[in-house]
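There are 2 protein chains.
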Amino acid sequence: MTDLPTHDRPLPPRRDVDSLVFVNTGDGKGKSTAAFGMLMRAAARGWPSCVVQFMKSGRWRVGEAESARRLGVDWFTHGDGFTWESDDLDRSAGIAREAWRLADRVLTSGEYRLVVLDEVTYPLTYGWLDAETVVARIRERAASTNVICTGRNAHASLVDLADTVTEMRNVKHAHATGVRARRGIDY
Amino acid sequence: MTDLPTHDRPLPPRRDVDSLVFVNTGDGKGKSTAAFGMLMRAAARGWPSCVVQFMKSGRWRVGEAESARRLGVDWFTHGDGFTWESDDLDRSAGIAREAWRLADRVLTSGEYRLVVLDEVTYPLTYGWLDAETVVARIRERAASTNVICTGRNAHASLVDLADTVTEMRNVKHAHATGVRARRGIDY
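Chains as they are written, first to last, in our numbering: chain A, 241 to 427; chain B, 241 to 427.
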């Protein structure tokens with residue numbers, strides 16, 4: 241019982257790859273959360289793994305970051321390992337560009353078996369980062385480095401590049417009935 | 241930047257609840273994995289949390305279970321905390337029924353703030369468990385116990401009961417191009 245799709249037709253010939261690219265997109269819950277769940281699996285296997293946060297999510301990632309660090313995962317977020325350029329007028333764009341400089345380094349260094357580019361789709365959508373450059377650098381990453389990209393509205397060329405793409409679709413959400421975000425659940 | 245849906249209309253009046261029910265369903269990846277990511281958040285908050293596995297997933301959950309235990313999460317799976325009734329002729333149905341006896345206890349005891357009923361939808365689909373009983377017992381759970389149910393084809397009454405339902409939709413999957421399940425990634 242796994243998440244692998246079922247097939248009526250025979251499986252295609254076996255293909256061996258060194259690493260995979262995943263995209264978790266859509267308007268529903270679970271895009272980043274599923275990536276963090278994959279970190280649990282990777283950590284149990286002793287894989288060197290890291291998360292690079294592209295958006296200033298404030299309190300929303302505190303819990304995950306703490307548990308990830310307890311599992312030995314490196315977690316890079318604004319104010320924590322990032323240098324800050326004071327002449328970046330647009331703070332969010334600056335954070336995203338700084339995150340990308342770090343991501344570019346960890347994608348090519350080969351030191352990580354799993355790299356989570358958390359909410360990387362937004363800076364592409366907003367034009368803070370050049371989508372073709374980001375996609376090209378992910379394609380040219382170290383051979384053994386698996387990558388998970390999360391965020392709504394994944395860019396078409398990122399979807400093309402990815403081996404596995406999942407859309408998290410919001411069927412219904414407690415928020416719409418007046419329940420506010422909750423500590424321990426939402427952050 | 242969160243997974244909360246955006247609204248063009250004003251938010252509904254604030255509603256306070258003691259706990260929530262989540263359903264992660266659909267044919268795509270990430271249903272259970274997102275639930276395990278939520279365990280990371282809950283663990284960081286010091287919430288007593290547990291997982292009850294309803295299907296014999298074999299090697300597929302070994303990594304998650306190990307990391308979860310390192311985070312202090314109780315993980316109940318066949319052969320590990322379950323008693324086994326030798327006169328259960330159908331092994332999978334027997335596992336599911338045993339899991340339900342345990343789940344029913346942890347849902348009502350109030351000792352857990354978060355309970356993951358992993359792959360609980362399948363025994364409902366296969367008729368090994370009575371869906372209305374399961375849904376009723378989730379509704380009557382301890383007030384402070386949040387519940388996450390995972391699995392494809394969530395039963396309509398489970399969807400009705402849930403506060404938040406996400407469909408993980410398979411857009412594309414490496415498996416379809418011949419890539420086999422991989423240690424560290426799929427299990």
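Where is the CB? At the ideal position from N, CA and C, for every residue including glycine.
When the Cα atoms are used, what is the spatial distance from Ala336 of chain B to Arg379 of chain A? Taking the straight line from one Cα to the other gives about 43 Å.
Are the C-beta atoms of Leu401 of chain B and some chain A residue less than 8 Å apart? no
Who does Trp315 of chain A pair with in a DSSP beta bridge? A:Val291
Counting only beta-carbon separations shorter than 8 Å, does Pro288 of chain B have a partner in chain A? no
I want to verify the contact list: residues of chain B whose CB lies under 8 Å from the CB of Gly418 of chain A, in sequence order. Leu251, Pro252, Pro253, Arg254 and Arg255
For Ser272 of chain A, count the other beta carbons within 10 Å of its own beta carbon; 16 or more makes it buried, fewer makes it exposed. Which is it? buried
Cβ closer than 8 Å: which chain A residues qualify as neighbours of Arg202 of chain B? In the structure displayed, chain B extends from 241 to 427; residue 202 of chain B sits before or after that span and is not available.
Out of A:Val261, A:Trp300 and A:Gly350, state which residue places its alpha-carbon closest to the alpha-carbon of His413 of chain B. A:Val261
Three or more C-beta pairs under 8 Å: does that hold for the region 345-360 of chain B against the region 399-412 of chain A? no
C-beta neighbour in chain A for Ser384 of chain B, strict 8 Å: no
If you measure from the beta carbon of Arg381 of chain B to each beta carbon in chain A, is any gap under 8 Å? The Cβ of Arg381 of chain B sits no closer than 8 Å to any Cβ of chain A.
Under 8 Å, Cβ to Cβ, is there at least one residue of chain B near Asn264 of chain A? yes
Measuring only the C-alpha atoms, how far is Ala371 of chain B from Ala333 of chain B? 14 Å
Quick one: list the residues of chain B neighbouring Leu311 of chain A, beta-carbon separation under 9 Å, in chain order. Met280, Ser307, Arg310 and Leu311
Extent of the continuous alpha helix (DSSP H) run through Lys412 of chain A: No alpha helix (DSSP H) contains Lys412 of chain A, which is instead part of the beta strand (DSSP E) from Thr404 to Lys412.
With 16 other CB atoms within 10 Å as the buried threshold, where does Pro363 of chain A fall? buried
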